[in-house]
Structures are given as structure tokens and as C-alpha cells.
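Asks: In the numbering used here, the protein residues as written are 1 to 157. Pasting in a structure now, in C-alpha cells, and then I'll have a few things to ask.
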Amino acid sequence: MEKTGSFYQRAGLGKHTQPASAGLLAWLRQVGASEALLPAFGDSLREDVEEFPLVFLAESELLRVNAPGTGGLCCGIAQGLLVVGASALSGDPVVIDLRDPAGAGGYLNHETMWSAADLRGEIWRAAHSWEQLAVLIDQCKFPSNYHDAKQSGPPGT
Numbered sequence: 001m002e003k004t005g006s007f008y009q010r011a012g013l014g015k016h017t018q019p020a021s022a023g024l025l026a027w028l029r030q031v032g033a034s035e036a037l038l039p040a041f042g043d044s045l046r047e048d049v050e051e052f053p054l055v056f057l058a059e060s061e062l063l064r065v066n067a068p069g070t071g072g073l074c075c076g077i078a079q080g081l082l083v084v085g086a087s088a089l090s091g092d093p094v095v096i097d098l099r100d101p102a103g104a105g106g107y108l109n110h111e112t113m114w115s116a117a118d119l120r121g122e123i124w125r126a127a128h129s130w131e132q133l134a135v136l137i138d139q140c141k142f143p144s145n146y147h148d149a150k151q152s153g154p155p156g157t
């Protein structure tokens with residue numbers, strides 16, 4: 001049976017959630033998230049959650065990592081990539097593409113992203129949409145890091 005609800009509920013992390021703050025939703029709109037993607041963030045995590053092989057960021061950490069001037073990966077949000085977690089094995093950031101109406105998701109390579117002028121060229125998409133991303137995570141089929149994702153080929157192959 002397919003799960004319904006937010007990204008975290010569909011990914012099997014619903015027991016760790018709370019309603020998303022109005023501040024998070026307003027910030028997502030401000031940074032360019034489509035209205036179609038906002039329901040994915042109807043809730044947020046209370047604390048960082050490890051669901052091997054991924055670690056997902058709580059709302060406060062998600063805002064810190066993506067916000068300019070905090071020493072996080074703010075260059076990603078400027079290019080439309082929202083960091084929602086990381087590989088527990090390598091630290092490769094898991095991102096959702098806010099410029100894609102479906103919210104395609106995948107990895108950035110932690111070894112090359114810091115020197116890349118265009119992070120959008122560095123993402124390896126592992127899912128066509130946030131919904132597919134959540135299903136892959138729930139079914140333990142999401143690649144464990146950037147290199148595994150790249151070896152498995154484009155989404156749906």
C-alpha cells in the first residue's frame with residue numbers, strides 16, 4: 001500500500017515529524033519552491049534522523065545548512081537546490097531541486113561540490129520527483145551515496 005502525506009511520511013519517517021513552521025514554508029516560497037512542491041514540506045523533522053544510509057535534517061538544521069551567511073551550503077539554495085540530508089556513509093548531500101516542479105532529488109558529490117561554479121551540473125538525480133525519492137527511501141532502494149547513484153544509472157533504469 002502506497003503511503004500518503006508529506007515527504008517525511010512517505011519516506012517512513014512520520015513518527016519523527018511535527019507540523020512545519022510558518023517560517024519554514026515562507027522561507028521555501030522565498031527561495032523559489034513551487035507551490036506544487038510545498039505540500040511535501042507540510043511537516044518537518046523534530047530532530048536529525050538517521051535512516052541508514054541517510055541522515056535527514058531537522059527543520060532548524062535544514063534552515064541553517066541552506067541559509068546564506070551561516071557557513072552551510074547556501075550556494076546550493078541560490079542555485080535552487082535544497083539540502084534535506086546527507087549520506088551517512090560519505091557525507092554526500094541529498095538535495096531536492098526546487099526549480100523542478102516535481103522536486104527531483106539526488107546527490108551532490110562532497111568531493112567536487114566545493115570547487116564547482118555550477119552545483120546544478122554536479123547533482124546526480126536518483127529520483128524524478130520528491131514522491132519517487134520518498135518511495136525509494138521507504139523501500140530501502142535509494143542509493144547510499146553519489147557514486148552508488150551514478151553507477152545505478154538515471155532514475156527508473
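All C-beta atoms, glycine included, are put in the ideal place defined by N, C-alpha and C.
Using the C-alpha atoms, what's the distance from Ser152 back to Glu59?
Replies: The sequence position of residue 59 within the sequence shown is 59, counting from 1. The sequence position of residue 152 within the sequence shown is 152, counting from 1. Glu59 and Ser152: Cα-Cα distance of roughly 30 Å.
Asks: Quickly, what does DSSP pair Pro19 with across the bridge? List them, please.
Replies: Numbered from 1 along the sequence shown, position 19 holds the residue referred to as residue 19. Looking at the DSSP assignment, Pro19 forms a beta bridge with Asp43.
Asks: Nearest CA to the CA of Asp48: which residue from Glu35, Tyr8, Trp27?
Replies: As a first step, residue 48 is located in the sequence shown; it is residue number 48 there, counting from the start. The option with the nearest alpha carbon to Asp48 is Tyr8.
Asks: Throw me the rounded Cβ distance for the Asp100 and Arg10 pair, which I believe falls under 8 Å.
Replies: Position 100 of the sequence shown holds residue 100. Position 10 of the sequence shown holds residue 10. Actually they do not touch by this definition, with Cβ atoms about 17 Å apart.
Asks: For a quick check, are the C-beta atoms of Leu24 and Ser6 less than 7 Å apart?
Replies: Walking along the sequence shown from the start, residue 24 turns up at place 24. Walking along the sequence shown from the start, residue 6 turns up at place 6. Not closer than 7 Å, so no.
Asks: Which of the three DSSP states is assigned to Val135 in this structure?
Replies: On the sequence shown, position 135 is the one that residue 135 refers to. Val135: helix per DSSP, three-state reduction.
Asks: Grouping DSSP H, G and I as helix and E and B as strand, with all else coil, what is Thr157?
Replies: As a first step, residue 157 is located in the sequence shown; it is residue number 157 there, counting from the start. Caution applies to Thr157, whose pLDDT of 48 falls short of 50 and renders its modelled position unreliable; the model cannot decide the point.
Asks: Pick from Ala67, Ala117, Glu50: whose alpha carbon is nearest that of Gly91?
Replies: On the sequence shown, residue 91 is found 91 positions in, with the first residue counted as 1. With distances taken between Cα atoms, Gly91 lies closest to Glu50.
Asks: Taking the CB atoms as reference points, tell me whether Gly80 and Leu98 lie closer together than 7 Å.
Replies: Residue 80 sits at position 80 when you count from the first residue of the sequence shown. Residue 98 sits at position 98 when you count from the first residue of the sequence shown. Yes, Cβ-Cβ distance for Gly80 and Leu98 is below 7 Å.
Asks: Let me check one thing: in DSSP terms, what residues is Tyr107 bridge-paired to?
Replies: What you label residue 107 is simply residue 107 of the sequence shown in a count that begins at 1. Beta-bridge pairing links Tyr107 to Val94, Trp124.
Asks: Quick one, which of Trp124, Ala26, Leu38, Val135 has its alpha-carbon nearest Thr4's?
Replies: Translated into the one-based positions of the sequence shown, residue 4 becomes position 4. Nearest option by C-alpha distance: Val135.
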